[in-house]
Amino acid sequence: LRAWSLIGLKKSRQALKLLVTTAPGKAPGGKKEKKGKAKDKATIILHTLHAALINELLGRNADAEKLYLSVNQKNRSLRVVQLLGALYERTGKPEKAQALYDDYLKAQPGSQFLGEALKRLKSGKRGSLKTYSVSDGAAEVLFGIAGSLRQRNLQETAMVLGRLALFLKPQFPAMQILLGDTLETTNQLEPALGIYSSIKRNSSFSWPARLRIGSVLNKLERTEDAVTHLSRMADDRKTDPAPLISLGDILRGHERFKEAAKAYDQALSRIKNPEPRHWNLLYARGIAFERSKQWPRAEADFLSALKFKPEQPYVLNYLGYSWIDKGLYLDRAQGMIEKAAKLRPNDGYIIDSLGWVHYRLGRFEAASRELERAVELRPEDPIINDHLGDAYWRVGRKREAAFQWNRSLTLNPEKELISQINRKLKNGLGDDNETAKKPGDEG
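So in the working numbering, spot 247 of the sequence shown is number 244, and the numbers just go up one at a time.
What follows is the structure, given as structure tokens:
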């Protein structure tokens, strides 16, 4: 902030001298700094970034480029990529901008934040000639500090600095996204909705902000508004799967599984060649198929997800549990669930599956031990408590079984489970291993 204040006073030399950094603990020229003046890596990166911005403001584009590249090599971030890319676009170097964006997207293939820049390059348009002002630079400083505070979970202070940054630079999409996300995280949903909605449509941040609007509308229990909003987004960009994935997630969360499966179908139709990063989409669609009683399609999706991510514990657990529940491929299913339990030993849902494997194979003592541990990890889950009741009954601990079943009824179970439990409380368990639906649709 001091450096930008000096720029405002037209003291550019002093401003840049203030920001010059070499090695930690060294002053310009290699002299050792006084005690207490050492700069850590994060400070060096921050100072270098703002030296680049100031050089760009002063028209020293070559120096600015070198400094941006230095920051990008030490700590590549979306913000640095956007700033350097904008410099390339403004100075007539579209090939360098394209290479920079492509390199970033290789590392972050799901990023939605470079869409407008890529469209601009494709159309042959040059980026905006607008460069930074002093107030813009000060806002950028506040943005960097707010982001750092956010990472340290200092949400309130981050929001104060975010508001101040937007006072200095009202149209600052990166800050608007950060502030909106912080508001959303702290459950201030209406203000978050307002911030996301204030981002202009010609910004690279507009599309991701619109996706977040769909999420916030759902959190505000405006589900149909969210569905309509995301459906319109899907129509706006007929090749982008992102709005359909978000739509599917919302519908699945509301147990509208057939509709969710349809949304995921449409999303996958927009992905020409699925890659390993799409495992979670296949997994989500598999859950939607399974819960809407389309088991063959669900099984195919789970197996496809595992081809991409063979060690993914939630897919291993869900498919293994489903096979056990259907009496299929018991040895293979047991191995999958045991692998999942090794990968996630403190996940109550997975430990429940491990207990249920033992139960279905008639190993009731082992089932009781694992299901007791699952209840310790997930005491609020009605299905896991019900499973433990079943295991207790099988080993002759019938009072404890009744206690677990009654406890399950207090945990807001679904209607199907309520009827099963009431039947068991009245008649106990017969010779068949009565089962319930699976808990914890993770992912």
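The beta-carbon is built from N, C-alpha and C at its ideal position, and this holds for glycine as well.
Values in this document were obtained by computation on a predicted structure and should not be read as measured data.
Simplified DSSP state of residue i, which is helix, strand or coil
i, result
"Thr88", "coil"
"Gly359", "coil"
"Lys7", "coil"
"Lys306", "coil"
"Asp344", "coil"
"Thr236", "coil"
"Val312", "helix"
"His251", "coil"
"Arg73", "coil"
"Leu374", "helix"
"Leu97", "helix"
"Tyr326", "coil"
"Glu439", "With a pLDDT of 43 at Glu439, under the threshold of 50, the predicted position of this residue should be treated as unreliable, and no value is reported."
"Ile196", "coil"
"Asp262", "helix"
"Asp37", "coil"
"Glu221", "helix"
"Asn449", "The structure shown does not extend to residue 449, since the chain is modelled only from -2 through 440, so no value can be given for it."
"Lys395", "helix"
"Phe274", "In the sequence as displayed, the identity of residue 274 is Arg instead of Phe. Correct three-state label for Arg274: helix."
C-beta atoms of residue i and residue j nearer than 8 Å
i, j, result
"Ser58", "Leu84", "Sequence inspection shows Asn at residue 58; the Ser mentioned does not correspond to that position. Contact flag set, yes."
"Gly345", "Ala371", "yes"
"Asp388", "Gly352", "In the sequence as displayed, the identity of residue 388 is Ala instead of Asp. A contact, by the Cβ cut-off of 8 Å."
"Glu373", "Leu385", "no"
"Gly112", "Arg274", "no"
"Ser9", "Leu50", "no"
"Ala257", "Leu265", "no"
"Ala239", "Gln105", "no"
"Leu176", "Ile196", "no"
"Thr182", "Met156", "no"
"Ile284", "Leu313", "no"
"Arg357", "Ile381", "no"
"Phe169", "Leu163", "yes"
"Asp378", "Leu414", "no"
"Val213", "Leu186", "yes"
"Ile174", "Ala143", "no"
"Leu139", "Leu151", "no"
"Phe305", "Arg294", "no"
"Leu422", "Trp390", "no"
Residue-chain proximity (residue i, chain C), Cβ-Cβ < 8 Å
i, result
"Gln291", "Absent here is chain C; the protein component of the structure consists of one chain."
Candidates the options: closest to residue i by CA position
i, options, result
"Ser2", "Ser132, Ala96, Arg117", "Ser132"
"Leu46", "Leu16, Ser9, Asp37, Trp204", "Leu16"
"Ala281", "Asn270, Asp298, Lys290, Glu272", "Asp298"
"Ile242", "Gly144, Leu278, Thr220", "Leu278"
"Gly134", "Met230, Gly425, Met172, Thr236", "Met172"
"Gly141", "Ser120, Val77, Glu153", "Val77"
"Ala338", "Tyr315, Tyr326, Lys323", "Tyr315"
"Arg375", "Lys14, Ser405, Thr88", "Ser405"
"Lys269", "Thr236, Val224, Gly245", "Thr236"
"Lys7", "Ser130, Leu75, Leu217, Leu327", "Ser130"
"Ala302", "Ala295, Phe286, Lys323, Trp276", "Trp276"
"Lys255", "Arg366, Gln291, His44, Ala231", "Gln291"
"Lys103", "Glu272, Arg360, Glu221", "Glu272"
Inter-residue CB distance, residue i and residue j (contact presumed, cutoff 8 Å)
i, j, result
"His226", "Gly250", "Contact doesn't hold; Cβ gap of about 15 Å is too wide."
"Gly442", "Ser350", "There is no way to answer for residue 442, as the model of the chain reaches only from -2 to 440."
"Leu97", "Gly121", "Not really, about 17 Å apart at Cβ, beyond 8 Å."
"Gln13", "Ala61", "For clarity, residue 13 is Leu in the given sequence; the question names Gln instead. Incorrect: roughly 11 Å between the Cβ atoms, too far for contact."
"Pro91", "Leu118", "5 Å"
Cβ-heavy atom distance, residue i to the ligand PLP, below 7 Å
i, result
"Ser212", "Of the ligands one can find in the structure shown there are none, so the ligand PLP has no counterpart to examine."
Counting only runs of 4+ residues fully inside the segment 107 to 172, write out the alpha helix (DSSP H) ranges in chain order.
112 to 120, 131 to 148, 152 to 165
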